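Student: Dumping the structure here so I can ask a few things about it.
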Amino acid sequence: MIESKPGVQDIVRLVRPEVRASHEYIVGSFPDIQVKLNQNESPLNLPEPLRSELVEAVAQAQFNRYPAEFPHALRAALAAQNGVPEESIIVGNGSNELTYTLGMCFVAPGTPVVVPRPMFSLYEAMIRLHGGAVVPVAPRDDLSFDVDGLLAAMARTGAPLTIVTTPNNPTGLTVSRSDLERLIEAAPGVIVVDEAYVEFNPEGSVVDQLREWPNLLILRTLSKAFGLAGLRVGYLMGNPEIIHEMMKSRLPFMVDRIAEAAALSVLRNEGVVAERVAHMKTWTADLAQSLSGIQGVTVLTGNTNFLLFQTPLTPTLVMERLAEDGILIRNMGGYPELKGYLRVSTGTPQENRLFLDALERALTAPSEG
Ligand SMILES: Cc1ncc(COP(=O)(O)O)c(C=O)c1O
314 MIESKPGVQD IVRLVRPEVR ASHEYIVGSF PDIQVKLNQN ESPLNLPEPL
364 RSELVEAVAQ AQFNRYPAEF PHALRAALAA QNGVPEESII VGNGSNELTY
414 TLGMCFVAPG TPVVVPRPMF SLYEAMIRLH GGAVVPVAPR DDLSFDVDGL
464 LAAMARTGAP LTIVTTPNNP TGLTVSRSDL ERLIEAAPGV IVVDEAYVEF
514 NPEGSVVDQL REWPNLLILR TLSKAFGLAG LRVGYLMGNP EIIHEMMKSR
564 LPFMVDRIAE AAALSVLRNE GVVAERVAHM KTWTADLAQS LSGIQGVTVL
614 TGNTNFLLFQ TPLTPTLVME RLAEDGILIR NMGGYPELKG YLRVSTGTPQ
664 ENRLFLDALE RALTAPSEG
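Be aware that the sequence shown starts at 314, since it is given in the numbering used here, and climbs by one per residue.
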């Protein structure tokens with residue numbers, strides 16, 4: 314309790330220690346960026362007919378009214394697309410929001426949560442915010458997940474929650490179907506499979522396992538292959554009884570009317586998405602080939618719309634030099650296993666060319682001083 318008029322620091326001390334010890338999620342940028350290849354987004358905006366459809370929907374929207382408690386039409390469309398009942402789905406404001414919902418449901422102070430490394434940083438941040446105990450499992454030498462290590466960590470801790478991303482961000486590497494099945498079968502609690510990049514994965518989804526395994530939850534997003542990062546739509550699939558429980562901790566009204574309309578229009582146009590995914594796969598493969606051809610550059614080939622790579626220069630210097638040419642990629646050095654690594658998302662072929670030319674210039678520029 315504070316007795317006299319509190320100072321700011323007195324109030325700061327009232328913030329939960331787990332929050333104070335955390336960091337804001339800030340991606341970071343430079344001024345004057347024209348080629349943005351740092352967040353694994355689709356380089357293609359919604360095609361014109363879909364944008365016009367959306368403008369029409371916006372013109373008709375009832376801005377003064379809350380959206381429906383459950384976005385029925387969207388849930389139904391996602392259920393149909395995935396061959397699961399509507400009750401198996403929670404839709405959220407991006408899959409990021411549903412990651413926090415997972416924390417609300419399954420992570421209490423001290424709860425062990427098994428996470429392979431290196432994996433999308435939001436998971437460990439979410440576990441720490443809830444006071445959970447991160448049980449990290451180091452990767453194999455090739456940066457792939459150590460599946461036997463994960464099985465051992467699950468058995469050792471009896472973890473109520475294990476999280477695996479495939480294809481993984483930031484490595485782009487996949488977990489094989491048979492290894493995923495081993496993990497699902499052995500999990501002592503819930504196992505979340507984040508399939509944010511599933512459209513790029515030749516091994517496909519484990520959605521068919523949902524009927525058999527009530528401990529399996531699958532996270533998806535419309536931010537990547539579907540090109541809707543700007544609107545924030547993600548969803549979680551699981552056994553209807555588990556989803557029913559999770560609904561109790563979800564924030565109300567997380568999908569607004571406009572996001573729902575846009576998501577529905579993209580889902581109605583499956584052909585457009587498939588065509589764009591095919592383009593992005595080709596562009597990523599071409600980018601990998603050109604990048605590996607640059608002297609001193611090594612590339613990790615995965616199954617996503619981005620690439621992890623190393624150059625002889627420090628990531629900070631490369632980022633600075635690219636930014637001078639208006640190009641933004643990502644320094645992955647914040648992950649302890651990825652010191653020295655950079656990540657680039659595929660752009661259009663023109664954007665990739667600009668990036669490759671700028672990178673060659675950056676790597677051959679004379680060093681200062
Ligand atoms: C593995 C993974 N999961 C989830 C997300 C976030 O998705 P959303 O935009 O739906 O919050 C990302 C975004 O980079 C990601 O890489």
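Ideal Cβ positions, reconstructed from N, Cα and C, are used throughout, including at glycine.
A quick note: this is a predicted structure, and the numbers were derived from the prediction, not measured.
Could you tell me which of Val568, Ser401 and Thr475 sits nearest to Gly445, measuring between CA atoms?
Tutor: Indexing the sequence shown from 1 puts residue 445 at position 132. Of the candidates Val568, Ser401 and Thr475, the one whose C-alpha sits nearest the C-alpha of Gly445 is Thr475.
Student: With which residues is Asn644 paired in a DSSP beta bridge?
Tutor: Looking up residue 644 in the sequence shown gives position 331. Beta-bridge pairing links Asn644 to Leu655.
Student: Within its chain, find whatever has a CB closer than 6 Å to the CB of Leu493; leave out the 5 residues flanking it on each side and keep chain order.
Tutor: By one-based count along the sequence shown, residue 493 stands at place 180. Excluding five sequence positions before and after Leu493, the CB atoms of its chain that fall closer than 6 Å to its own CB belong to Val519, given in chain order.
Student: Relative to the C-alpha of Ser489, which candidate in Ser365, Ser658, Gly615 and Glu525 has its C-alpha closest?
Tutor: Numbered from 1 along the sequence shown, position 176 holds the residue referred to as residue 489. Checked all of Ser365, Ser658, Gly615 and Glu525; the closest Cα to Ser489 is Gly615.
Student: CB Ser335 to CB Ala438, shorter than 8 Å?
Tutor: One-based indexing of the sequence shown puts residue 335 at position 22. One-based indexing of the sequence shown puts residue 438 at position 125. The answer is yes: Cβ separation under 8 Å.
Student: Would DSSP call Leu626 helix, strand or coil?
Tutor: As a position in the sequence shown, residue 626 is number 313, starting the count at 1. It is coil, neither helix nor strand.
Student: Does DSSP put Tyr413 in a helix, a strand or coil?
Tutor: Stepping through the sequence shown from its first residue, residue 413 is reached at position 100. Correct three-state label for Tyr413: helix.
Student: Starting from Met593, trace the alpha helix (DSSP H) in both directions and tell me its first and last residue.
Tutor: By one-based count along the sequence shown, residue 593 stands at place 280. It spans Glu583 to Ser605 - the alpha helix (DSSP H) in which Met593 sits, taken as one unbroken run.
Student: Can you grab the Cα-Cα spacing for the pair Lys594 / Pro679, in whole Å?
Tutor: Taking the sequence shown and counting its residues from 1, the one referred to as residue 594 is at position 281. Taking the sequence shown and counting its residues from 1, the one referred to as residue 679 is at position 366. Their Cα atoms are separated by approximately 34 Å.
Student: Would you mind working out which of Gln347, Arg581, Gly540 and Glu554 sits nearest Leu523, comparing C-alpha positions?
Tutor: Numbered from 1 along the sequence shown, position 210 holds the residue referred to as residue 523. Checking every option, the nearest Cα to that of Leu523 belongs to Glu554.
Student: Tell me whether Gly462 sits in a helix, a strand or coil according to DSSP, three-state version.
Tutor: One-based indexing of the sequence shown puts residue 462 at position 149. Helix at Gly462.
Student: Could you give the residue range of the alpha helix (DSSP H) that holds Arg388?
Tutor: The sequence position of residue 388 within the sequence shown is 75, counting from 1. Run containing Arg388: His385 to Asn395, per the alpha helix (DSSP H) assignment.
Student: In angstroms with no decimal places, state the Cα-to-Cα distance between Ser605 and Pro362.
Tutor: What you label residue 605 is simply residue 292 of the sequence shown in a count that begins at 1. What you label residue 362 is simply residue 49 of the sequence shown in a count that begins at 1. The straight-line gap from Cα to Cα measures roughly 38 Å.
Student: Cβ atoms of Leu532 and Leu411: under 8 Å apart, would you say?
Tutor: Taking the first residue of the sequence shown as position 1, residue 411 is located at position 98. Taking the first residue of the sequence shown as position 1, residue 532 is located at position 219. For Leu411 and Leu532, yes; Cβs fall inside 8 Å.
Student: My output table needs one value for Gly547: the three-state DSSP class, helix, strand or coil.
Tutor: As a first step, residue 547 is located in the sequence shown; it is residue number 234 there, counting from the start. Look at Gly547 here: in three-state DSSP terms it is strand.
Student: Excluding the 5 residues preceding and the 5 following Thr597 in the sequence, name in chain order all residues of the same chain whose CB lies nearer than 6 Å to its CB.
Tutor: The count along the sequence shown starts at 1 and reaches residue 597 at position 284. Excluding positions up to five away in sequence, the list reads Asn618 and Thr659.
Student: Just to confirm, are Tyr379 and Phe566 a CB contact at a threshold of 8 Å?
Tutor: Counted from its first residue, the sequence shown places residue 379 at position 66. Counted from its first residue, the sequence shown places residue 566 at position 253. Taking 8 Å as the cut-off, the Cβ atoms of Tyr379 and Phe566 count as close.
Student: Give me the DSSP bridge partner(s) of Leu530.
Tutor: Counting from one through the sequence shown, the residue named residue 530 turns up at place 217. According to DSSP, which records beta bridges pairwise, Leu530 is partnered with Val505.
Student: Alpha carbon to alpha carbon, what distance is there between Pro344 and Gly540?
Tutor: Position 227 of the sequence shown, counted from the start, is the residue given in the question as residue 540. Position 31 of the sequence shown, counted from the start, is the residue given in the question as residue 344. Cα-Cα distance, rounded: 24 Å.
Student: Would you please state the rounded distance, in angstroms, between the beta carbons of Gly416 and His443? I believe it to be under 8 Å.
Tutor: Within the sequence shown, numbered from 1, the residue matching residue 416 stands at position 103. Within the sequence shown, numbered from 1, the residue matching residue 443 stands at position 130. Rounded, the Cβ-Cβ distance is 5 Å, consistent with contact.
Student: Helix, strand or coil for Gly341? Go by DSSP, reduced to three states.
Tutor: On the sequence shown, residue 341 is found 28 positions in, with the first residue counted as 1. In this structure, Gly341 counts as coil in the three-state DSSP scheme.
Student: For ligand 1, which residues count as neighbours when the test is a C-beta closer than 6 Å to any heavy atom?
Tutor: Asn353, Gly407, Ser408, Asn409, Phe433, Thr478, Asn482, Asp507, Ala509, Thr534, Ser536, Ala542 and Gly547
Student: Looking at C-beta atoms only, is the number of pairs between the stretch 381–390 and the stretch 582–590 that lie closer than 8 Å three or more?
Tutor: no
Student: Are the beta-carbon atoms of Gly653 and Gln608 separated by less than 8 Å?
Tutor: Looking up residue 653 in the sequence shown gives position 340. Looking up residue 608 in the sequence shown gives position 295. In this structure, Gln608 does not lie closer than 8 Å to Gly653 by Cβ.
Student: Keeping to the same chain, check which residues put their C-beta closer than 8 Å to that of Arg441; ignore five residues upstream and five downstream.
Tutor: Translated into the one-based positions of the sequence shown, residue 441 becomes position 128. So the list reads Glu331, Ala334, Ser335 and Val447, once near-sequence residues are dropped.
Student: Please report the straight-line C-alpha distance between Ile571 and Asn406, rounded to a whole angstrom.
Tutor: If you number the sequence shown from 1, residue 571 lands on position 258. If you number the sequence shown from 1, residue 406 lands on position 93. Annotation: Ile571 to Asn406 spans about 12 Å, alpha carbon to alpha carbon.
Student: Any beta carbon of chain D sitting closer than 8 Å to that of Leu367?
Tutor: Absent from the structure: chain D. Only one protein chain is present.
Student: Among the candidates Thr424, Pro398, Ala451 and Ser408, whose CA atom is the shortest distance from the CA of Leu258?
Tutor: Because the chain is modelled from 314 through 682, residue 258 falls outside the range shown and cannot be assessed.
Student: In the DSSP assignment, what residue or residues form a beta bridge with Thr475?
Tutor: The residue you call residue 475 lines up with position 162 of the sequence shown. The partner list for Thr475 (beta bridge, DSSP) reads Val427 and Ile504.
Student: How is the beta strand (DSSP E) around Leu613 delimited, first residue to last?
Tutor: Counting from one through the sequence shown, the residue named residue 613 turns up at place 300. Thr611 to Leu613 is the span of the beta strand (DSSP E), which, as asked, contains Leu613.
Student: Count the other CB atoms within 10 Å of the CB of Asn358; is the residue buried (16 or more) or exposed (fewer)?
Tutor: Mapped onto the sequence shown, residue 358 falls at position 45. Exposed, since its Cβ has fewer than 16 Cβ neighbours within 10 Å.
Student: Just reading off the beta strand (DSSP E) that Ile346 is part of, what are its end residues?
Tutor: Working through the sequence shown from its first residue, we reach residue 346 at position 33. Membership of Ile346 in any beta strand (DSSP E) is not indicated, and neither H nor E is assigned to it by DSSP.
Student: Quick check: what's the CA-CA separation for Thr479 versus Pro398?
Tutor: For the purposes of this step, residue 479 is taken as the residue at position 166 of the sequence shown. For the purposes of this step, residue 398 is taken as the residue at position 85 of the sequence shown. Approximately 23 Å between the Cα atoms of the pair.
Student: For Ala575, which beta-bridge partners are listed by DSSP?
Tutor: Indexing the sequence shown from 1 puts residue 575 at position 262. Its beta-bridge partners do not exist; DSSP assigns none.
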